[in-house]
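Notes to accompany the following structure.
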Amino acid sequence: MAEFKEISPNASAGAKLDNWLHNRFPFAYQFYSDHMSDYYAPKNFNFWYFFGSLALLVLVIQIVTGIFLVMHYKPDAQLAFASVEYIMRDVPWGWLIRYMHSTGASAFFIVVYLHMFKGLIYGGYRKPRELVWIFGCCIFLMLMAEAFFGYLLPWGQMSYWGAQVIVNLFSAIPFIGPDLALMIRGDYVVSDATLNRFFSFHVIAIPLVLIGLIAAHILALHDVGSNNPDGVDIKGPDAPKDARGKPLDGIPFHPFYTVHDMVGVAVFLMVFSAIIFFAPEMGGYFLEYNNFIPADSLKTPLHIAPVWYFTPFYSMLRATTDVMVDVFCIIAALAALVNAWKGKSAALKVAGVVAAVVAIALLKTFDAKFWGVVVMGGSVLIFFFLPWLDKSPVRSIRYRPGWHKYVYGVFVVFFFVLGYLGIQPPSAGGTIVAQIGTVYYFGFFLLMPFWSRLGEFKPVPDRIRFVAH
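Residue numbers for the sequence shown follow the numbering used here, so the first one is 2 and each next one is one higher.
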């Protein structure tokens with residue numbers, strides 16, 4: 002045990018209490034020092050760096066409102082819808098808690114998408130922050146699972162049929178699909194058994210995993226240091242430091258960035274409150290109108306679509322038709338031809354041809370529904386490989402060739418277009434656009450080892466650029 006620190010008998014009561022706590026719980030003080038007051042972050046953070054703290058804020062909102070909702074919610078197929086209506090109509094301030102939770106779900110995805118985009122444009126996934134990025138991708142996966150499990154709980158028409166459609170996708174997996182779908186549902190159709198297991202996952206299992214991953218994400222970040230808009234390390238062996246070994250280009254996270262983030266929190270809460278009080282359904286995007294109708298297993302809605310934050314990936318699923326599978330075959334064949342022409346060795350050329358033949362054989366063996374599931378899953382999992390796909394000599398988009406910005410810009414546009422098309426009923430024109438968007442989406446990542454190295458790069462400064470304001 003460490004030696005107790007003594008304090009003057011004439012010290013104030015507050016100082017005595019602080020010393021008493023410090024002697025008995027020094028870990029808390031060391032943790033505060035390591036991760037707040039003595040953690041140095043780059044001094045040039047900008048607008049994009051608000052969203053990490055906002056994601057933590059929304060997580061707290063979701064946990065607190067979820068606790069109060071669970072006090073009145075009944076995870077029973079006969080009572081679930083009525084219990085939600087009871088919360089909305091009879092529980093004091095229940096409508097506010099429910100709207101905070103439903104709006105918070107969309108807000109969570111908005112800030113997480115923006116947080117991921119910041120990492121994408123500033124190279125937050127590059128060495129030495131690969132593990133930070135991987136933990137972040139795991140958080141994104143768990144967030145999607147949390148939203149999916151919670152989506153069924155209101156037991157409305159869209160909740161019921163949306164869950165039915167998504168769970169049925171697992172049945173497309175060869176050999177194990179039907180049994181896997183049965184295990185997820187707990188029944189042959191979405192029923193009370195499904196509702197109970199989704200409730201337990203949504204309320205207990207996934208939140209615990211999420212909290213653990215978020216802790217790992219933050220600890221990993223603080224071990225290697227935060228990235229910045231210039232992509233310049235402030236803590237490396239060659240980075241300038243003062244006599245105490247502190248980075249000259251950094252400032253303590255507390256109080257500077259804790260106060261700085263309060264500005265983002267204030268603006269966010271104003272927008273968040275405005276949505277809750279004036280447009281909680283957000284035109285049917287945050288709360289679908291079909292979910293105000295009790296679930297009816299005998300009446301299918303005319304159009305079934307997931308919540309907006311899943312629609313880009315759902316759109317890629319729908320775009321994977323038999324024609325799209327043929328397009329994938331053509332792309333595989335063209336890739337083999339280019340490799341055979343440009344390959345550096347005979348072994349590499351042969352391997353490319355064999356891989357293309359195997360890929361085409363697999364594409365033609367399984368039906369388009371299965372490949373749609375693969376495309377949808379791959380569109381999320383591909384983010385995990387980003388640290389090794391990007392071969393650019395610089396991290397930040399600030400120092401990349403100008404045309405790289407257009408590559409990123411088109412990627413963002415197609416992501417929005419895919420999201421919009423995923424909400425709309427299927428159409429011939431929409432399917433073609435979604436197929437083009439899907440090809441571009443995967444091309445952006447899979448061709449990144451090539452295009453990310455091309456062009457004239459700007460020289461990266463030795464120190465971060467910072468303009469006092």
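Note that beta-carbon positions come from the ideal geometry of N, C-alpha and C, so glycine has one too. These figures come from a predicted structure and were not determined experimentally.
Extent of the continuous beta strand (DSSP E) run through residue i
i, result
"Gly-353", "Element bounds for Gly-353: not the beta strand (DSSP E) but the alpha helix (DSSP H), 347-366."
Three-way DSSP call (helix, strand, coil) for residue i in this model
i, result
"Gly-251", "strand"
"Lys-17", "helix"
"Pro-302", "coil"
"Gly-157", "strand"
"Lys-406", "helix"
"Lys-343", "helix"
"Pro-450", "helix"
"Pro-256", "helix"
"Ala-208", "In the sequence as displayed, the identity of residue 208 is Pro instead of Ala. DSSP places Pro-208 in helix when its eight states are reduced to three."
"Pro-295", "strand"
"Leu-80", "coil"
"Tyr-126", "coil"
"Asn-11", "coil"
"Arg-396", "coil"
"Ser-227", "coil"
"Ser-428", "coil"
"Phe-176", "coil"
"Ala-244", "coil"
"Leu-214", "helix"
"Phe-269", "helix"
"Leu-335", "helix"
"Val-326", "helix"
"Asp-91", "coil"
"Val-455", "Looking at the sequence shown, residue 455 is not Val but Leu. Looking at Leu-455 - three-state DSSP - the assignment turns out to be coil, as it is neither helix nor strand."
Residue span of the alpha helix (DSSP H) that contains residue i, given as start and end
i, result
"Ala-42", "Run containing Ala-42: none in the alpha helix (DSSP H); it sits in the beta strand (DSSP E), 41-43."
"Val-59", "52-71"
"His-116", "95-123"
"Tyr-315", "312-320"
"Gly-151", "131-152"
"Phe-371", "369-382"
"Gly-187", "Here Gly-187 belongs to no alpha helix (DSSP H), and DSSP marks it neither H nor E."
"Ala-29", "27-33"
"Ile-465", "Counting along the chain, Ile-465 falls outside any alpha helix (DSSP H), and DSSP gives it neither H nor E."
"Met-283", "No alpha helix (DSSP H) holds Met-283; DSSP gives it neither H nor E."
"Asp-239", "Where Asp-239 is concerned, there is no enclosing alpha helix (DSSP H), given that its DSSP letter is neither H nor E."
"Ser-201", "193-201"
"Pro-388", "387-390"
Neighbour-count burial assignment, residue i, 16 or more Cβ in a 10 Å radius
i, result
"Arg-186", "buried"
"Ile-433", "exposed"
"Ile-207", "buried"
"Phe-311", "buried"
"Val-85", "buried"
"Val-351", "exposed"
"Val-413", "exposed"
"Ala-435", "buried"
"Pro-388", "buried"
"Ser-54", "buried"
"Met-143", "buried"
Cβ pair residue i, residue j closer than 8 Å
i, j, result
"Pro-313", "Gly-444", "no"
"Val-204", "Val-168", "no"
"Asp-250", "Pro-241", "yes"
"Met-317", "Tyr-442", "yes"
"Thr-321", "Val-376", "yes"
"Lys-471", "Pro-307", "Lying outside 2 to 470, the shown extent of the chain, residue 471 is not represented and no answer is given."
"Asn-292", "Gly-157", "yes"
"Leu-364", "Trp-372", "yes"
"Ala-336", "Ala-357", "yes"
"Phe-52", "His-102", "no"
"Ser-107", "Phe-287", "yes"
"Asn-197", "Pro-295", "no"
"Leu-342", "Ile-424", "The sequence shown places Trp at residue 342, not Leu. No; because the gap between Cβ atoms is not below 8 Å, this pair is not in contact."
"Ala-182", "Phe-171", "yes"
"Val-59", "Phe-5", "no"
- Task: Count the C-beta pairs between the stretch 110-124 and the stretch 392-405 that are closer than 8 Å, then say yes if the count reaches three, no if not.
- Result: Pairwise C-beta distances place the stretch 110-124 in contact with the stretch 392-405, as three or more of them are shorter than 8 Å.
- Would you check if there are 3 or more beta carbon pairs closer than 8 Å linking the stretch 208-222 to the stretch 83-96? Segments in contact, no.
- Query: Would you call the stretch 294-308 and the stretch 338-353 in contact, with 3 or more CB pairs under 8 Å?
  - Reply: Output reads no: the stretch 338-353 does not touch the stretch 294-308.
- Query: Would you call the stretch 33-50 and the stretch 253-267 in contact, with 3 or more CB pairs under 8 Å?
  - Reply: Flag = yes, the stretch 33-50 and the stretch 253-267 touch.
- Touching by the beta-carbon criterion (3+ pairs, under 8 Å), the stretch 125-132 and the stretch 217-225: At 8 Å Cβ cutoff, the stretches touch.
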